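Here the structure is laid out as structure tokens; the discussion comes afterwards.
2 protein chains.
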Amino acid sequence: MYTIKEVAEKMDVSEHTLRFWAKSGFFPFVKRDQNNIRQFSEDDLAWVKIVKCLRSVGTENKAIKRYIDLCIIGDSTIPERYGIIQATKLKAEEQMKELQKQLDLLDYKEKFYQNLIKNNLKDSWNPMNNIQLEKAL
Amino acid sequence: MYTIKEVAEKMDVSEHTLRFWAKSGFFPFVKRDQNNIRQFSEDDLAWVKIVKCLRSVGTENKAIKRYIDLCIIGDSTIPERYGIIQATKLKAEEQMKELQKQLDLLDYKEKFYQNLIKNNLKDSWNPMNNIQLEKAL
DNA sequence: TTTGGTGCTTAGAGTTACTCTCAAGTTTGA
DNA sequence: TCAAACTTGAGAGTAACTCTAAGCACCAAA
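Chain order of the listed sequences is A and B.
Each residue of the first sequence is one higher than the one before, counting from 935 in my numbering.
Each residue of the second sequence is one higher than the one before, counting from 935 in my numbering.
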């Protein structure tokens, strides 16, 4: 059993966010002790994990709540949940491609500046000159 | 020369966002025609591209403005700009790893549901049963 | 026994980066 | 000439946190 603080550290999510998510109904099975303190089980950590996963690929909280609710309803919702996971995976793969593109651009920029520094900033008297160079790619 | 609508389509950024970015000072060289309509040049598109890149890896707008301002100042700021690009690239690489982790989890989940569907939902009488399975990974 | 640390709640303010609506002005095709 | 299609800036609205604060409970050390 873990306190909210321990979960925050373990899962790298802030306590504030965990409480916010809890209030949003993302952790329907977290128990409380006699002092009303949340006691996260290993099972609950798995819920945190999937919520974190869905959030990190841009799933809206409303849609996450929908997925959680489907899980609670039970096996009749398995096809819909499968669809959600498939769509989310596709979205994540798109993001992967997009991120790779941006990494390529950053890599180009990095080399561009390296070259500028290596050649000791000749032709550097005019700000616009630099901006012209900036436009590259 | 492109209107804001054309830029929006070409660069896949909404007109609203482009105006918001313009107001934030991200496109300091966009000219206007006699009716005050923005006229984006090819150079301006390059600025849109780098702004989009920085945003997509989570750079805050304040930091983007700083980078733009450094570009305008000129060559004396090249070392700082180089540092920013390097740091941004590192951050993007981290995000790549993180996204891959989440993709792995989604892939596991997908196979998990496929298996559930293939085996025709036996043992499915109890909602909790399903939740137990959900916790996997 | 008091003090410090941790945790709970509710409520509400603040933040970031959009996102959308709207009124007003301009241009253009039927 | 007039309606459709664009553009503009101002400003309201939204999502998802993020933080503060008040007020209370519990426990362990000094």
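Cβ coordinates follow ideal geometry from the N, Cα and C atoms, glycine included.
Since the structure is predicted, the reported quantities are computational estimates derived from the model, not experimental observations.
Does the CB of residue i have a neighbour CB from chain B at under 7 Å?
i: residue 1043 of chain A; result: yes
i: residue 1025 of chain A; result: no
i: residue 990 of chain A; result: yes
i: residue 1018 of chain A; result: no
i: residue 1012 of chain A; result: yes
i: residue 1061 of chain A; result: Note on residue 1061 of chain A: pLDDT 45, under 50, position unreliable in the model; the coordinate value appears next. Closer than 7 Å: yes.
For residue i, decide whether its Cβ has a neighbour in chain A, counting only Cβ atoms nearer than 7 Å.
i: residue 935 of chain B; result: no
i: residue 973 of chain B; result: no
i: residue 1002 of chain B; result: no
i: residue 1022 of chain B; result: yes
i: residue 998 of chain B; result: no
i: residue 945 of chain B; result: no
i: residue 1058 of chain B; result: Reliability fails at residue 1058 of chain B, whose pLDDT of 48 lies under 50, so the model's placement of it is uncertain and no value is given.
Straight-line CA distance for residue i to residue j?
i: residue 939 of chain A; j: residue 939 of chain B; result: 48 Å
i: residue 1024 of chain B; j: residue 1047 of chain A; result: 16 Å
i: residue 993 of chain A; j: residue 970 of chain B; result: 39 Å
i: residue 995 of chain B; j: residue 958 of chain B; result: 8 Å
i: residue 1061 of chain A; j: residue 1000 of chain B; result: The predicted position of residue 1061 of chain A is uncertain, since its pLDDT is 45 and thus under 50; a value taken from the coordinates is nonetheless stated next. If I take the Cα positions, the gap works out to 16 Å.
i: residue 1018 of chain A; j: residue 948 of chain A; result: 26 Å
i: residue 986 of chain A; j: residue 980 of chain A; result: 10 Å
i: residue 1049 of chain A; j: residue 983 of chain B; result: 21 Å
i: residue 967 of chain B; j: residue 1040 of chain A; result: 33 Å
i: residue 941 of chain B; j: residue 1020 of chain B; result: 28 Å
i: residue 991 of chain A; j: residue 1038 of chain A; result: 21 Å
i: residue 998 of chain B; j: residue 988 of chain A; result: 27 Å
i: residue 1071 of chain B; j: residue 1003 of chain A; result: Confidence is the limiting factor: at residue 1071 of chain B the pLDDT is only 44, short of 50, which leaves the residue's position unreliable, though a coordinate-based value still follows. Each residue's alpha carbon lies about 20 Å from the other.
i: residue 1045 of chain A; j: residue 944 of chain B; result: 26 Å
i: residue 946 of chain A; j: residue 946 of chain B; result: 32 Å
i: residue 962 of chain B; j: residue 1006 of chain B; result: 9 Å
i: residue 960 of chain A; j: residue 936 of chain B; result: 45 Å
i: residue 1026 of chain B; j: residue 1043 of chain B; result: 25 Å
i: residue 1008 of chain B; j: residue 964 of chain B; result: 18 Å
i: residue 1022 of chain B; j: residue 1022 of chain A; result: 26 Å
With which residues is residue i paired in a DSSP beta bridge?
i: residue 1035 of chain B; result: Paired residues: none, contrary to the question.
i: residue 961 of chain A; result: Answer is none; residue 961 of chain A lacks a bridge partner.
i: residue 966 of chain B; result: B:972
i: residue 1016 of chain A; result: BP columns for residue 1016 of chain A are empty, so no partner.
i: residue 936 of chain B; result: B:974
Would the C-beta of residue i count as close to the ligand SAH, meaning under 6 Å from any of its heavy atoms?
i: residue 1053 of chain A; result: In the structure shown, the ligand SAH is absent, as is every other ligand, since no ligand is present at all.
- [ ] Check whether the region 1026-1041 of chain B touches the region 1024-1040 of chain A, counting contact only when three or more Cβ pairs, one atom from each stretch, lie closer than 8 Å.
- [x] Yes, the region 1026-1041 of chain B is in contact with the region 1024-1040 of chain A.
Task: Contact the region 1007-1024 of chain B vs the region 974-993 of chain A: 3+ CB pairs below 8 Å - done: Judged by pairs of C-beta atoms under 8 Å, the region 1007-1024 of chain B does not touch the region 974-993 of chain A, as fewer than three such pairs exist.
Open item on the list: Would you call the region 943-953 of chain B in contact with the region 1047-1056 of chain A, where contact means no fewer than 3 C-beta pairs closer than 8 Å?
Closed with: Flag = no, the region 943-953 of chain B and the region 1047-1056 of chain A do not touch.
Task: Contact residues within the region 953-967 of chain A, judged by C-beta distance below 8 Å to chain B - done: If the cut-off is 8 Å between Cβ atoms, the region 953-967 of chain A has 963 near chain B.
TODO: Mind checking the region 1025-1040 of chain A against chain B and listing, in chain order, the residues whose C-beta falls within less than 8 Å of any C-beta there?
DONE: For the region 1025-1040 of chain A, the beta-carbon criterion of a distance under 8 Å to any beta-carbon of chain B is satisfied by 1026, 1027, 1029, 1030, 1032, 1033, 1034, 1036, 1037, 1039 and 1040.
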